[in-house]
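Asker: Here you go, one structure.
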Amino acid sequence: MATDVTATGGGAILHRTENGDLRDLVARAAHGEVGAQEALLTHLRPMIVRYCRGRLGRSPAADFAADDAAQEVLLAVLHALPRYRDEGRPFEAFVFGIAAHKVADVQRAAFRTAIPTADVPDGVDLALGPEERALQSGDSHMVRMLLDRLPENLRELLVLRVAVGLSAEETGRALGMTPGAVRVAQHRALSRLRIYAAEEVTA
Amino acid sequence: MKDTRDPRDMKDSDRDFLAVQEDALLVDILATREDLSAFADDHIAQVLGSYAADVDEGLELVVNAQLPEAPRPLTQDQGDTSPRRSARFLIAATTAVVLVGTSGVAAAVTGDPLSPFRSVVKVVSGGGHTPTADPGRISEELPDPASTKAEVALMLNEAKQALKDGDVEKAQRLLDELAADAQIGDGLSPGLEARIDKMQDDVDKSAGGQGGHDGQGGQDTDKPGQGDPQDDKTKHDNQGNTSHPEKPGQGDEKPTKPGQDTKGNGSDGGSDGSQSGSGSSKDPTGSKDKDRAKNDGNGSGKQDDTGTGGKPAGNQSGGGQVKGRPDRGPDKPDKGTKAGEPAKEPKADSGTKGQLVS
Chain A
1 MATDVTATGG GAILHRTENG DLRDLVARAA HGEVGAQEAL LTHLRPMIVR
51 YCRGRLGRSP AADFAADDAA QEVLLAVLHA LPRYRDEGRP FEAFVFGIAA
101 HKVADVQRAA FRTAIPTADV PDGVDLALGP EERALQSGDS HMVRMLLDRL
151 PENLRELLVL RVAVGLSAEE TGRALGMTPG AVRVAQHRAL SRLRIYAAEE
201 VTA
Chain B
204 MKDTRDPRDM KDSDRDFLAV QEDALLVDIL ATREDLSAFA DDHIAQVLGS
254 YAADVDEGLE LVVNAQLPEA PRPLTQDQGD TSPRRSARFL IAATTAVVLV
304 GTSGVAAAVT GDPLSPFRSV VKVVSGGGHT PTADPGRISE ELPDPASTKA
354 EVALMLNEAK QALKDGDVEK AQRLLDELAA DAQIGDGLSP GLEARIDKMQ
404 DDVDKSAGGQ GGHDGQGGQD TDKPGQGDPQ DDKTKHDNQG NTSHPEKPGQ
454 GDEKPTKPGQ DTKGNGSDGG SDGSQSGSGS SKDPTGSKDK DRAKNDGNGS
504 GKQDDTGTGG KPAGNQSGGG QVKGRPDRGP DKPDKGTKAG EPAKEPKADS
554 GTKGQLVS
């Protein structure tokens, strides 16, 4: 399995796996090979966490909810592996289909659950300060609001491309689209976001 | 990277294609988390950059976090360093040492290593009256002293009543049964033993009083229809020998209880034909009784049970039946000897507890 780990300024970790190797890895994991299952989950985990965070946000109330949702997605994938049959549909589509359902479950449950209060950290917090965090959260909150106004297919595409960090080819495989269609669709989604943002500023 | 061409010189399709290219480049930069300085004037590019940064914040900690190992099974040995484990071991060892020591001392003193625990078992089992899973087994292992004493007292009362009614034989039989029951004899209190001795003396007195008329002192022969006239003759021949055969029906059908004849062992050797046996069971040497029997051997057939110097030596009987309180000691021979049956082999030294002097 060829895995490329790319670290950028934001500390992001991007995993790239060649499609052929991923198929072989999925096949071995589906047959119950423990090592393959571990490697597959290791490969999927960053993407799933990003997806859940991109969909659920990182507000104090939803921070742990996104990570918990990612864990639930990975468990669901692991349990569904023995029943997975490669019928030509990309495995990413299978995984993000599960993730989308889990995120929807979390969003429904978020309205009914209590909000836990985070403990005071013992060490020095090197993360963003309150002002920066407020600005960032403000931008993130505004993006999520704009994304919520997009049609589902366009929102999913932008989440996969921007939040998860998938390439056009990977996003196309996950959504059953060609890379060109992905590029055209993301252009259409960004155009709508600009229109919505202008409306927000005007409002 | 923006297209530097003048938009007025571009067709719509070209303009759309360039926008798609431009947005594709923007999204690729966002996806790879690269620098967005080229899109500094694009507001939506900045907010999407903030969105991507917000998603990635703390992601390394989450992704690289090691999953905790599965907890070890509870049954797995935690090692011997635990203070609680050491304390348990110490308590168990101390308890075992105390139990073994107690049992050992009890075994040395009483011969029964379980004797210290019988009272505990009795208390735990509700005073010995609570039914257990196997009551027969428990009662066999742990005889109830209270019931034993009650049984002995009942038999003594019956013997007393029989003696009062003149049924000496029955009283003697009851005493014999008491003596035969080794289990009863082992755990009797001194008071009960004294009562048994006293009852035995009374029986012997009665028997002596009945049998003294003919000089044989045997209570059997005084029973109507049991005595044989020939027997009287035999007893009056001054042979002093009590081992002459008796005829059937002389009341000798009672089997001698174990150890009965070890103390009241009739021995001939007297000179006047009177039979005076002392069955003192308390004098181990029997010397007093022996001497006294010799001195009192006047042929009168009176019993010599004055009892001076210890337990009364009142076990005299005619017909060779010398009844003393049976020995309950470990040496209880001659099971098959009939009560009232003369000793078949008179022993010269049989008067350890009493002897017949003729």
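Chains A and B supply the protein sequences, listed in that same order. The working numbering applies: residue 1 is where the first sequence begins, and numbers increase by one. The working numbering applies: residue 204 is where the second sequence begins, and numbers increase by one. Every residue gets a Cβ at the ideal spot worked out from N, C-alpha and C, and that includes glycine.
1. Taking Cβ-Cβ distances below 9 Å as the criterion, which residues of the region 238-263 of chain B are in contact with chain A?
2. Quick one: using the 10 Å Cβ neighbour count with 16 as the cut-off for buried, is A/Phe94 buried or exposed?
3. Cβ of A/Gln186 within 8 Å of Cβ of A/Leu158?
4. Taking only runs of the alpha helix (DSSP H) that begin and end inside the region 15-54 of chain A, which ones reach a length of at least 4 residues, in chain order?
5. When we look at the beta-carbon of B/Ile232 and count the other beta-carbons within 10 Å, is it buried (16 or more) or exposed?
6. Take A/His101 as the anchor and find which of A/Glu87, A/Arg192, A/Arg89 and A/Glu152 has the nearest alpha-carbon.
7. In the DSSP assignment, the alpha helix (DSSP H) including A/Pro90 goes from what residue to what residue?
8. Quick one: Cα of B/Leu221 to Cα of B/Leu229, how far?
9. Identify the continuous alpha helix (DSSP H) that holds B/Asp238 and give its terminal residues.
10. Would you mind stating whether A/Gly172 and A/Ala181 have Cβ atoms separated by less than 8 Å?
11. Measure the alpha-carbon distance for B/Lys325 versus B/Met402 and round it to whole angstroms.
12. Give the secondary structure of A/Pro82 by DSSP, where H, G and I count as helix, E and B as strand, and everything else as coil.
13. Could you tell me which of A/Asp86, A/Glu72, A/Leu193 and A/Arg50 sits nearest to A/His31, measuring between CA atoms?
14. Please work out which residues of its chain come closer than 6 Å, Cβ to Cβ, to A/Arg53, disregarding the five sequence neighbours upstream and downstream, and give them in chain order.
15. Candidates B/Glu380, B/Ala365 and B/Gly369: which alpha carbon is nearest B/Val355's?
16. For a contact defined as C-beta to C-beta under 7 Å, what are the partners of B/Leu221 on chain A?
17. Should A/Ala39 and A/Leu22 be called a contact, given that it needs their Cβ atoms to be closer than 8 Å?
18. Look at the Cβ atom of A/Leu146, then the Cβ atom of A/Val103, and state whether they are nearer than 8 Å.
19. Quick one: give me the first and last residue of the alpha helix (DSSP H) that A/Val162 is part of.
20. State the start and end residues of the unbroken alpha helix (DSSP H) segment that holds B/Pro319.
21. Can you name the start and end residues of the alpha helix (DSSP H) that B/Gly307 belongs to?
22. Taking the straight line between their C-alpha atoms, what separation do you get for A/Glu169 and B/Gln224?
23. Any idea what DSSP makes of A/Glu200, helix, strand or coil?
24. Near B/Ala374, which residues of its chain fall below 6 Å by C-beta distance, leaving aside the five closest residues on each side in sequence?
25. Could you name the residues of chain A that B/Thr305 contacts, counting a contact when the two beta carbons are closer than 7 Å?
26. Check A/Gly129 in the structure and name its three-state DSSP category.
27. How is the alpha helix (DSSP H) around A/Asp119 delimited, first residue to last?
28. Just checking: is the beta-carbon of A/Arg101 within a distance shorter than 8 Å of some beta-carbon in chain B?
29. Can you have a look at A/Asp148 and say buried or exposed, based on whether 16 or more other CB atoms are within 10 angstroms of its CB?
30. Hey, out of A/Thr202, A/Gly88, A/Ala29 and A/Ser140, whose CA is closest to A/Val77's CA?
31. Taking Cβ-Cβ distances shorter than 7 Å, what residues in chain B pair up with A/Arg53?
32. Which chain B residues are close to A/Gln186, counting only those with a beta carbon under 8 Å from its beta carbon?
33. Helix, strand or coil for A/Leu150 per DSSP?
34. CA-CA distance, B/Asp259 and A/Gly35?
35. Helix, strand or coil for A/Ser191? Go by DSSP, reduced to three states.
Answerer: In brief:
1. Asp238, Asp245, His246, Ile247, Ala248, Gln249, Val250, Leu251, Gly252, Ser253, Tyr254, Ala255, Ala256, Asp257, Val258, Asp259, Glu260, Gly261, Leu262 and Glu263
2. buried
3. yes
4. 19-30
5. buried
6. A/Glu152
7. Counting along the chain, A/Pro90 falls outside any alpha helix (DSSP H), and DSSP gives it neither H nor E.
8. 12 Å
9. Unbroken run through B/Asp238: none, as it is neither H nor E.
10. yes
11. 32 Å
12. helix
13. Comparing Cα-Cα distances from A/His31 to each of A/Asp86, A/Glu72, A/Leu193 and A/Arg50, the minimum goes to A/Asp86.
14. Same-chain partners within the cutoff: Ala66.
15. Measuring C-alpha to C-alpha distances from B/Val355 to each of B/Glu380, B/Ala365 and B/Gly369 identifies B/Glu380 as the nearest.
16. Residues of chain A passing the Cβ test: none, with the nearest at roughly 10 Å.
17. no
18. no
19. No alpha helix (DSSP H) contains A/Val162, which DSSP labels as neither H nor E.
20. Ser318 to Val327
21. Pro286 to Thr313 is the span of the alpha helix (DSSP H), which, as asked, contains B/Gly307.
22. 15 Å
23. helix
24. Ala362, Ala365, Leu366 and Val406
25. The contacting residues do not exist; B/Thr305 stays about 57 Å from chain A at best.
26. coil
27. No alpha helix (DSSP H) holds A/Asp119; DSSP gives it neither H nor E.
28. Before going further, note that residue 101 of chain A is His rather than Arg in the sequence given. No, because no Cβ of chain B sits closer than 8 Å to the Cβ of A/His101.
29. exposed
30. A/Ala29
31. Val258
32. Asp226, Ala227 and Val230
33. coil
34. 27 Å
35. When DSSP states are grouped into helix, strand and coil, A/Ser191 belongs to the helix group.
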